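Chemist:
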Amino acid sequence: MKTRLAVLLMLCLVSVSFAQAPERQQFIRTEAPVIALTHVRVIDGTGAAPRDDQTIIINNGKIESVGSSANAKTPANAQTLDLQGYTVLPGLVGMHDHMFFPMGGSPPMYSNMGSSFPRLYLALGVTTIRTTGSVAPYTDLEIKRLIDTGRMIGPKMHVTAPYLEGRGSFTPVMHELTGADDARRMVNYWADLGATSFKAYMNITRDELRAAVEEAHKRGLKVTGHLCSIGFKEAAEIGIDDLEHGLMVDSEFVPNKQPDQCPPGAAVSTSLRQLDLNGTAAQETIRSLVAKNVAITSTLPVFEAAGAALSQSGIGAASALLNPRVLNVMSTDTRVRYLQARARVSPETNYVALLRKAMEFERAFVQAGGLLIAGLDPTGNGGIVAGFGDLREVELLVEAGFTPIDAIKIASLNGAKFLGENSRIGSIVPGKQADLMVVKGNPATTIADIEKVEIVFKDGVGYDSEKLIQSVQGLVGIR
Ligand SMILES: [Zn+2]
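Under the numbering used here, the first residue of the sequence shown is numbered 50, with each subsequent residue one higher.
Below you can see the structure in the form of structure tokens.
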């Protein structure tokens with residue numbers, strides 16, 4: 050009896066561990082050693098002008114050639130997709146792309162969305178992510194392993210360690226550091242396990258940040274921060290590599306800001322409203338970030354969601370805040386919670402002026418030579434969902450005044466550059482991995498077309514966007 054039970058149990062386990070393979074097949078649109086994408090418009094992610102009627106040859110997961118369809122020689126064994134009317138863009142490199150989602154509660158809780166988020170990121174064209182802070186780091190590292198070995202469907206992952214937060218965290222999903230030694234211990238512990246970046250948080254002290262940066266840099270790893278207790282210029286001096294959220298969270302312009310103290314949010318907003326972007330203080334910050342090679346991660350969607358519904362297509366467009374495709378992947382509870390949060394948003398036009406200023410800051414930073422990278426930040430009031438938010442970020446970069454071509458470059462090649470992966474991913478260039486998204490229409494003239502994703506290639510395997518989205522209907526907020 051005992052042995053029969055053991056055998057039965059083993060059989061169950063075996064069938065579970067092999068369950069991925071047949072399931073994977075149903076999401077694959079195109080898989081062949083050689084694939085030809087013909088008659089397609091190419092936006093290559095380098096900032097170059099779009100090219101019409103191109104043929105891309107994919108060979109064993111890599112881009113072999115890109116050229117005009119008139120001159121292209123399609124190999125006889127190629128599986129050919131005629132993509133007239135479509136545009137191919139590089140897969141996006143999402144640089145503030147958490148695996149977790151806000152669950153509400155007081156104090157607020159956050160849960161990993163290990164089932165829905167990997168599929169949604171990939172479905173909407175995000176082929177590489179940096180998790181930029183983790184609330185379930187062992188899970189994130191295991192999910193990465195499962196994706197890398199083909200047992201789960203999702204993007205390439207760069208796992209960030211748990212948050213490096215000081216005393217005073219607003220949520221119990223973060224460990225509170227007890228000092229510089231604790232910061233060193235945490236960095237080395239998670240680096241040993243496979244974390245490739247670290248994220249400092251709002252209450253970290255300068256000593257703790259300095260210790261974390263030192264340990265991370267010794268190992269060739271990078272530190273980013275969503276800061277508050279430390280201003281941008283101070284953080285640049287300490288050696289931070291990246292600043293999340295841009296101007297909206299820079300506390301250094303608060304009058305009489307105390308060292309190592311996070312001023313109240315209202316004080317930060319007030320100081321930013323009064324800030325003159327052309328004045329010496331703001332210009333000096335931009336100059337010192339650029340001089341110290343500090344990147345900025347733009348996360349406009351999470352800020353847009355915090356404001357009122359305002360316009361047809363710009364900031365606060367109802368089509369973005371109440372996008373039915375986004376509402377449909379949420380669980381009922383999540384959807385209700387988000388819609389209630391939206392109902393409480395006050396129609397304050399001041400906030401939009403502040404967001405506009407943050408957008409201008411990002412443009413000024415790029416004009417000064419800074420590296421701007423992009424993400425969505427699926428937190429806030431629960432309206433920002435994996436993948437969908439990444440596409441909205443590109444649209445909001447255009448709203449900020451970047452050309453569609455530059456916005457796409459910020460969301461693809463710039464991220465790859467920051468990760469040190471730009472020789473392999475981030476643009477459509479022969480020799481790179483075939484990480485591509487195929488969209489209907491022409492995002493170079495109508496940026497909203499970027500939402501019309503139909504096929505996403507990761508290492509030359511073409512996934513069906515809509516089927517992946519359908520497979521996680523109602524799951525966001527549950528798993
Ligand atoms: Zn975040």
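Just so you know, even glycine gets a beta-carbon here, dropped at the ideal spot from N, CA and C.
Computed from a predicted model, the values in this text were never measured in an experiment.
Which residues mark the beginning and the end of the beta strand (DSSP E) in which residue 80 is found?
Modeler: It is not in any beta strand (DSSP E) - residue 80 carries neither H nor E in the DSSP assignment.
Chemist: Does residue 249 come out as helix, strand or coil in the three-state DSSP assignment?
Modeler: The answer is strand: DSSP assigns residue 249 an E or B state.
Chemist: From the DSSP output, read off the bridge partner residues of residue 135.
Modeler: Note: residue 135 sits in a beta bridge opposite 489.
Chemist: Measuring from the CB of residue 439, is there a heavy atom of ligand 1 at a distance below 7 Å?
Modeler: Residue 439: no, Cβ never under 7 Å from ligand 1.
Chemist: Taking buried to mean at least 16 other C-beta atoms within 10 Å of its own C-beta, is residue 512 buried or exposed?
Modeler: The residue is buried, with at least 16 neighbouring Cβ atoms inside 10 Å.
Chemist: May I ask whether a heavy atom of ligand 1 can be found less than 7 Å away from the beta carbon of residue 275?
Modeler: Yes, ligand 1 has a heavy atom inside 7 Å of this Cβ.
Chemist: For residue 518, which of helix, strand or coil comes out of DSSP?
Modeler: Helix, per DSSP.
Chemist: Pairing CB atoms from the stretch 261-268 with CB atoms from the stretch 228-246, are three or more of them under 8 Å?
Modeler: At 8 Å Cβ cutoff, the stretches touch.
Chemist: Give me the Cβ distance between residue 505 and residue 176, rounded to the nearest whole Å; I'm assuming they're in contact under 8 Å.
Modeler: Confirmed, Cβ separation roughly 7 Å.
Chemist: Identify whether residue 126 lies in helix, strand or coil by the three-state DSSP scheme.
Modeler: Correct three-state label for residue 126: coil.
Chemist: Could you tell me if the beta carbon of residue 147 falls within a distance shorter than 7 Å of some heavy atom in ligand 1?
Modeler: At least one heavy atom of ligand 1 is nearer than 7 Å to the Cβ of residue 147, so yes.
Chemist: Please give me, in chain order, every unbroken run of the alpha helix (DSSP H) with length at least 4 that falls completely inside the stretch 357-388.
Modeler: Those alpha helix (DSSP H) runs which fall completely within the stretch 357-388 and span 4+ residues are 367-370 and 373-378.
Chemist: Between residue 93 and ligand 1, is there a pair consisting of the residue's CB and a ligand heavy atom that are separated by less than 7 Å?
Modeler: No; taking the cut-off as 7 Å, the Cβ of residue 93 has no heavy atom of ligand 1 nearer than that.
Chemist: With 16 as the cutoff for other CB atoms within 10 Å, does residue 70 come out buried or exposed?
Modeler: Note that residue 70 scores a pLDDT of 49, beneath 50, so its modelled location is shaky and nothing firm can be said.
Chemist: Taking 8 Å as the threshold (beta carbon to beta carbon), is residue 84 in contact with chain D?
Modeler: Structure shown: chain D not included; a single protein chain is present.
Chemist: Using a Cβ distance threshold of 8 Å, determine whether the stretch 263-278 contacts the stretch 288-301, with at least three qualifying pairs required.
Modeler: Yes: at least three Cβ pairs fall under 8 Å.
Chemist: Please classify residue 181 as buried or exposed, where buried requires at least 16 neighbouring CB atoms within 10 angstroms.
Modeler: With 16 or more Cβ atoms within 10 Å of its Cβ, residue 181 is classed as buried.
Chemist: Beta-carbon within less than 7 Å of residue 163's beta-carbon, same chain only, minus the 5 sequence neighbours each way: which residues are those?
Modeler: Same-chain partners within the cutoff: 148, 188, 192 and 528.
Chemist: Indicate, with yes or no, if ligand 1 has a heavy atom lying under 7 Å from the CB of residue 134.
Modeler: Not so, every heavy atom of ligand 1 lies at least 7 Å from the Cβ.
Chemist: Given 7 Å as the limit, tell me if residue 182 has its C-beta closer than that to any heavy atom belonging to ligand 1.
Modeler: Under cutoff, so the answer is yes.
Chemist: Considering only residues of the same chain and omitting the five flanking positions on each side of residue 518, which have a CB-CB separation below 6 Å?
Modeler: The answer, listed in chain order, is 172.
Chemist: Suppose the cutoff is 8 Å on Cβ atoms and the five residues either side in sequence are ignored; what does the same chain contact list for residue 494 look like?
Modeler: Hits under 8 Å: 453.
Chemist: I need the DSSP call for residue 506, collapsed to helix, strand or coil.
Modeler: Strand, per DSSP.
Chemist: Give the C-beta separation of residue 140 and residue 455 to the nearest angstrom, bearing in mind that I take them to be a contact with Cβ-Cβ under 8 Å.
Modeler: So it is not a contact: roughly 18 Å between Cβ atoms.
Chemist: Determine the extent of the alpha helix (DSSP H) in which residue 408 is found, giving its start and end residues.
Modeler: Counting along the chain, the alpha helix (DSSP H) containing residue 408 begins and ends at 398-416.
Chemist: Opposite residue 175 in the DSSP bridges: which residues?
Modeler: DSSP, once it has assigned bridges, lists 141 as partnering residue 175.
Chemist: Could you tell me the boundaries of the alpha helix (DSSP H) in which residue 463 lies?
Modeler: Segment 462-468, the alpha helix (DSSP H) holding residue 463.
Chemist: If residue 194 and residue 240 are in contact, beta carbons under 8 Å, what's the gap, nearest whole angstrom?
Modeler: Contact doesn't hold; Cβ gap of about 16 Å is too wide.
Chemist: Determine, using beta-carbon pairs with one atom in the stretch 430-447 and one in the stretch 347-359, whether at least three such pairs fall under 8 Å.
Modeler: As far as the Cβ criterion goes, the stretch 430-447 touches the stretch 347-359, which means the pair count is three or higher.
Chemist: Does the stretch 411-426 touch the stretch 335-342, meaning 3 or more C-beta pairs lie closer than 8 Å?
Modeler: Enough Cβ pairs lie closer than 8 Å, so yes.
Chemist: With C-beta atoms as the reference, is residue 223 less than 8 Å away from residue 211?
Modeler: In contact: residue 223 and residue 211 (Cβ atoms closer than 8 Å).
Chemist: Going by C-alpha to C-alpha distance, which of 249, 327, 209 and 425 sits closest to residue 218?
Modeler: It is 249.
Chemist: Considering Cα atoms alone, identify which of 88, 111 and 157 is closest to residue 508.
Modeler: Among 88, 111 and 157, the Cα nearest to that of residue 508 belongs to 111.
Chemist: Among 424, 437 and 323, whose alpha-carbon lies nearest the alpha-carbon of residue 368?
Modeler: Comparing Cα-Cα distances from residue 368 to each of 424, 437 and 323, the minimum goes to 437.
Chemist: Give me the Cβ distance between residue 104 and residue 130, rounded to the nearest whole Å; I'm assuming they're in contact under 8 Å.
Modeler: Not a contact, Cβ separation roughly 10 Å.
Chemist: Let me make sure I understand the geometry here. Which of 472, 365 and 460 has the alpha-carbon closest to that of residue 146?
Modeler: The candidate whose alpha carbon is nearest that of residue 146 is 460.
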